[in-house]
Structures are given as C-alpha cells and as structure tokens.
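2 protein chains.
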Amino acid sequence: MVLEVPQVVVNRLPIYYRTLIALEGQGKEVVSSQELGFFLGITPAQIRKDLSYFGRFGKQGRGYNVRRLIEHLRGILGLDRQWSLVLVGVGKLGRAILGYNGFARQGFNVVAAFDKDPEMVGQCIGPLQVQDIAGLSDTLRSISPRIGIVAVPAPDAPEVIDTLVACGIRAILNYAPVEAKAPEGVQMRNIDPVLALQSMTYYLKDRVS
Amino acid sequence: MVLEVPQVVVNRLPIYYRTLIALEGQGKEVVSSQELGFFLGITPAQIRKDLSYFGRFGKQGRGYNVRRLIEHLRGILGLDRQWSLVLVGVGKLGRAILGYNGFARQGFNVVAAFDKDPEMVGQCIGPLQVQDIAGLSDTLRSISPRIGIVAVPAPDAPEVIDTLVACGIRAILNYAPVEAKAPEGVQMRNIDPVLALQSMTYYLKDRVS
DNA sequence: TTCTGTGAACGGATTCACAGCA
DNA sequence: TGCTGTGAATCCGTTCACAGAA
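Taken in sequence, the protein lines are chains A and B. Heads up, the first sequence is in our numbering, so the first residue is 223 and it goes up one at a time. Heads up, the second sequence is in our numbering, so the first residue is 223 and it goes up one at a time.
1. Assuming Leu358 of chain B and Ala335 of chain B make a contact with CB atoms under 8 Å, what is their CB distance in whole Å?
2. Using a Cβ-Cβ cutoff of less than 8 Å, which residues in the same chain neighbour Gly329 of chain A once the five nearest sequence positions on both sides are dropped?
3. Against chain B, with Cβ distances strictly below 8 Å, would Met422 of chain A count as a contact?
4. Rank B:Ala404, B:Leu419, B:Leu291 and B:Tyr397 by C-alpha distance to the C-alpha of Leu273 of chain B and give the top, closest one.
5. Can you list the residues of chain B that Gln328 of chain A reaches, using a CB-CB cut of under 9 Å?
6. Looking at chain A, is there any beta carbon in it that lies within less than 8 Å of the beta carbon of Phe325 of chain B?
7. Cα separation between Tyr238 of chain B and Pro236 of chain A?
8. Could you name the residues of chain B that Leu395 of chain A contacts, counting a contact when the two beta carbons are closer than 8 Å?
9. Can you find a CB in chain B that lies within less than 8 Å of the CB of Pro399 of chain A?
10. Is it a yes or a no for the segment 272-287 of chain A touching the segment 390-410 of chain B, going by three-plus beta-carbon pairs under 8 Å?
11. Is Leu320 of chain A near Val308 of chain A, with beta carbons less than 8 Å apart?
12. In chain order, which continuous runs of the alpha helix (DSSP H) of length 4 or greater are located wholly inside the segment 265-320 of chain A?
13. Between Val400 of chain B and Ala373 of chain B, how many whole angstroms is the CB-CB distance? I'm expecting something under 8 Å.
14. To the nearest angstrom, how far is the alpha carbon of Arg278 of chain A from that of Val227 of chain A?
15. 8 Å is my cut-off, CB to CB: does Ile237 of chain A come that close to chain B?
16. What does a CB cutoff of less than 8 Å around Val430 of chain B pick up in its chain, not counting 5 residues either side in sequence?
17. Given that Gln248 of chain A touches chain B, what residues does it touch there, using C-beta distances under 9 Å?
18. For Gly357 of chain A, return the contacting residues in chain B, with the cut-off set at a CB-CB distance below 7 Å.
19. Report the CB separation of Asp337 of chain B from Ile365 of chain B in whole angstroms; it is logged as a contact under 8 Å.
20. How would you list, in chain order, the residues of chain B whose beta-carbon sits under 7 Å from the beta-carbon of Asn233 of chain A?
21. Applying a beta-carbon distance threshold of less than 8 Å, which residues of chain A neighbour Tyr425 of chain B?
22. Of all the CB atoms in chain B, is at least one closer than 8 Å to the CB of Gly321 of chain A?
23. Thinking Ile298 of chain B and Tyr424 of chain A are a contact (beta carbons under 8 Å), I'd like their distance in whole angstroms, please.
24. According to a CB-to-CB cut-off of less than 8 Å, which residues of the segment 265-278 of chain A neighbour chain B?
25. Around the C-beta of Gln353 of chain B, are 16 or more other C-beta atoms found within 10 angstroms, so that it is buried, or is it exposed?
Encoded structure:
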C-alpha cells in the first residue's frame, strides 16, 4: 500500500469515480467489479486489482458499496477539498477555459490569470483581472496555488512552464502543443486534440469507407 | 511491417512529427534518435524501435534526415491529405472548437455542425449553418466524412456516438465526460481536462507545499 | 453461491547491447 | 568513430485462477 502505485492505475481512478457518481445518481447502492467493468470496457480483475492498491473496499459475495467507494476515492485522489489554479494565457483558448464551469463544479478554481500581452493586462474576465506575466512569480509566492494551466502559444510554453515550476507549482495542465519535459516530481498532463486526431488517421488512411 | 503496430507506438508518431516540424523550422537537416529523444524525454532506443516498425529511415553514423522523416510520417499517419470532420453539439464548447483554427491548419476541416436544440438549428457559425441532429444520418450518408467530434452534454453522448458509428464514422474525438465504449474497429480519443486534473491531485494531496 | 482480494502466470512494451554500415 | 536497426533480455501492467469471506 505504501509501495509505488503505477501511474496508469492512478489515471483510471477518476474514471471509476465519475462512473460511480453517475451510478449513485441512478440510485444504485452496490456495484460489482463485473458491472462497473461492463460500463467502462475494463476487465473486472483490473478494477479489483486497481482498488486493492489502496485498501479492501469491497464485500465478498456482494460487491462495492457505491457511496462508500466514492468517499474512498475522494480521499485517495484528494477531491475532498478545493484546489486553486492559476491560468497563464488569456487568448481565445484561455478565455474559453475561464468561461468553462466544469472545473469549478469539481472543486478546481481559477484564482488568477496572466498574460504577457499589455493589451490583455488589466482587462477583467468574469471576476478575474488579467495580470502581467512579469508579476507571476510574486503573485504565486503570495497565493501559492498548486496547479497551473498553460494556454499560451507553443513557443512561449517552455518558459512559462519553467517559471511555474520555479514558483513551486507541482502540477501542470498543458494546452500548448509542445512536448515539454516536466522535472521529476512535477505532474504534467497534455491536452492536445490535434495529436489525438493525427493518431486516429493512421487507422483510417487506407480503409475504403 | 504488415504485423500489428502497437497503439502506443502510433500515438507517439504525431509527437515525433510535430517535433520534427519544429526542428525543420529551425533549419535542422539531420537529427539523431539521441537528440530527438532529448527534446521529448524519450529514450533513443524507443524512437529507433518505433520508427523501425515502418521502415529504415535513418543513416548509420548520421541519423535521420529531418525533411525525409517528416514526409514518411505524413504518409504513415495519413497527414498528406485533407480530412473532413463533423461536429455534434454547438454549445459553448462546440463553438470554441469551431472558432479554433488549429484543426484546419493541420488539414482537419469541420464541414458540418449539428445540434438537437431547435434554438441552435439554422444559426450560422462562421461559414457553417447548424443542422438539426435528426438529419445527421442523412447528411452523413451524402458527405461521408470519416471523423466525428462529440461536444454534447455527457448524457447525450452515448446515443450520438452510436449514431455516428452507425453512419460509418470510424474515428471519434470525444469531449463529453463519459467513458463510452467504441465498437471494434472504431477509434476514439477522449479529451477530458477534469480527469487530467483529478489524476494529478493524487500526487499533490499530501505533500506540504 | 457469489464476488472480493491477490499471488502467479502471462503478454506486451521498453530497454539493452551489439552487429553492421557510413 | 558514430549512430542505426534489431534480436534478446528485462520490466511492468494485465489477466488468470483460486482461496476465503459473506
């Protein structure tokens, strides 16, 4: 249990969590690894093994209590609290991110927004006033959020990421289309729909539709 | 070469592609697996093995000719042509997608947009007029695009995905926060920033910042 | 009987290490 | 000498299969 949990396992937990929330909403009280696996296209054995890294949450012969498992996952993933995010880059993409309420609904709150463009700085977007990126490190030191969102053009991303890391940010959601290496101990996830499309076309390219 | 190429390998090819384009832009003519791996945080051996699934593109003692390798990857991935996409769901997210020019720049063109909301239907967004989702299958039959983008609320997604698949769509970029099982032979990639955040908080949760 | 939890077996992806070519 | 291409070795995640609890 103290032993290293594989990253792939951690990545699946939010999927379980989301599905369990949906099941709870449907009034389901108990679910077996079989059923859960059916919804997700994952083998029951994998679900059981994944969960077993963190404890023994099920009842033999019955399955998992939905509400109880949700609570465990909230604790494991740290979803039982609010998280502050800073956003860097308030171009079209950055604004779309600020306008999206799906983050806040899950406890992720953007508390500061930055840009390097003087035209942007000072503008208000919703409740936030865009700050100059030059003040990034000062602001980060005072509010010390844990998570950063990068929504700047690709060429600017590496520098922004370095700055965030230097200021103590340990998790980065990167929308910029670059493969930036996060240093050891810093989590980074890339959101890149173009890469997703480009890997799918491989499978389409010589099929005759 | 006819043998099955692992999916993970295919997923990395667009990353190589993108990086090579950047290197070409910097005037670089030859690159070794060593260098490329350094930029990407991938071992040189992995890059060489990945590429070896598709042919022998390098020169011993030298490395890979950047332009030549780019051309090979374009062919392998099917990026040497234009791809038509249909978008389902023109809410905030769908509009953001339509307003994004990064797809078209890479040869991915949204040629039709659908929604089930009568308020939306008929509206023009850029060059596209939103169509009623009821006509989805007819339209798909006439224009037969290969790729669909799903940007509808989670509860609607499974049905939309089924319809797309029934109409011959073989690749789906899914922005809806649901784990939908695509049938055999249908590629699907999920874009879900919330899941990404929720997996990162696991690593943050008990570190003292 | 049913379904969990888990060691063992398996399989697939990554890395190693080296032959061979420039 | 430098770097590719690739079988072999290794590592690691998934699946199997079964003991044990409800």
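Every residue gets a Cβ at the ideal spot worked out from N, C-alpha and C, and that includes glycine. Note that the structure is predicted; figures quoted are calculated from it, not measured.
On the basis of the data shown:
1. Along the second sequence, read from residue 1 onward, the residue named residue 358 of chain B stands at position 136. Along the second sequence, read from residue 1 onward, the residue named residue 335 of chain B stands at position 113. So it is not a contact: roughly 11 Å between Cβ atoms.
2. Locating residue 329 of chain A in the first sequence gives position 107, counting from the first residue. Result list for Gly329 of chain A: Leu301, Arg303, Gln304 and Trp305, in chain order.
3. Taking the first residue of the first sequence as 1, we reach residue 422 of chain A at position 200. Chain B, which has a Cβ nearer than 8 Å to the Cβ of Met422 of chain A, makes this yes.
4. Indexing the second sequence from 1 puts residue 273 of chain B at position 51. Answer by Cα proximity: B:Leu291.
5. One-based indexing of the first sequence puts residue 328 of chain A at position 106. Near Gln328 of chain A (Cβ distances below 9 Å), the residues of chain B are Val416, Leu419 and Gln420.
6. Along the second sequence, read from residue 1 onward, the residue named residue 325 of chain B stands at position 103. Chain A, which has a Cβ nearer than 8 Å to the Cβ of Phe325 of chain B, makes this yes.
7. Walking along the second sequence from the start, residue 238 of chain B turns up at place 16. Walking along the first sequence from the start, residue 236 of chain A turns up at place 14. Computed Cα separation, rounded: 29 Å.
8. Translated into positions along the first sequence, residue 395 of chain A becomes position 173. Under the 8 Å cutoff, chain B gives Pro415, Ala418, Leu419 and Met422.
9. For the purposes of this step, residue 399 of chain A is identified with residue 177 of the first sequence, where counting begins at 1. By this cut-off, Pro399 of chain A is an interface position.
10. no
11. Mapped onto the first sequence, residue 320 of chain A falls at position 98. Mapped onto the first sequence, residue 308 of chain A falls at position 86. Contact: no.
12. 266-274 and 288-299
13. On the second sequence, residue 400 of chain B is found 178 positions in, with the first residue counted as 1. On the second sequence, residue 373 of chain B is found 151 positions in, with the first residue counted as 1. About 12 Å; that fails the 8 Å criterion.
14. Against the first sequence, residue 278 of chain A aligns to sequence position 56. Against the first sequence, residue 227 of chain A aligns to sequence position 5. Going from the Cα of Arg278 of chain A to the Cα of Val227 of chain A covers about 15 Å.
15. Mapped onto the first sequence, residue 237 of chain A falls at position 15. Yes, Ile237 of chain A counts as interfacial toward chain B.
16. On the second sequence, residue 430 of chain B is found 208 positions in, with the first residue counted as 1. Unreliable placement is indicated for Val430 of chain B, whose pLDDT of 49 sits below 50; no coordinate value is reported for it.
17. Residue mapping note: residue 248 of chain A aligns to position 26 of the first sequence, counting from 1. Within 9 Å Cβ-Cβ: nothing; Gln248 of chain A doesn't reach chain B, min ~11 Å.
18. Here residue 357 of chain A corresponds to residue number 135 of the first sequence, with the count starting at 1. Per Cβ cutoff of 7 Å: no residues; Gly357 of chain A is ~20 Å from chain B at best.
19. As a first step, residue 337 of chain B must be located in the second sequence, where it is residue number 115. As a first step, residue 365 of chain B must be located in the second sequence, where it is residue number 143. So it is not a contact: roughly 17 Å between Cβ atoms.
20. Against the first sequence, residue 233 of chain A aligns to sequence position 11. Within chain B, the residues near Asn233 of chain A are Ser421.
21. The count along the second sequence starts at 1 and reaches residue 425 of chain B at position 203. Val232, Arg392, Ala393 and Gln409, listed in chain order.
22. Translated into the one-based positions of the first sequence, residue 321 of chain A becomes position 99. Output row for Gly321 of chain A: interface = yes.
23. Working through the second sequence from its first residue, we reach residue 298 of chain B at position 76. Working through the first sequence from its first residue, we reach residue 424 of chain A at position 202. About 7 Å separates the two Cβ atoms, so the contact holds.
24. none
25. As a working mapping, residue 353 of chain B is identified with position 131 in the second sequence. By the 10 Å Cβ count, Gln353 of chain B comes out buried.
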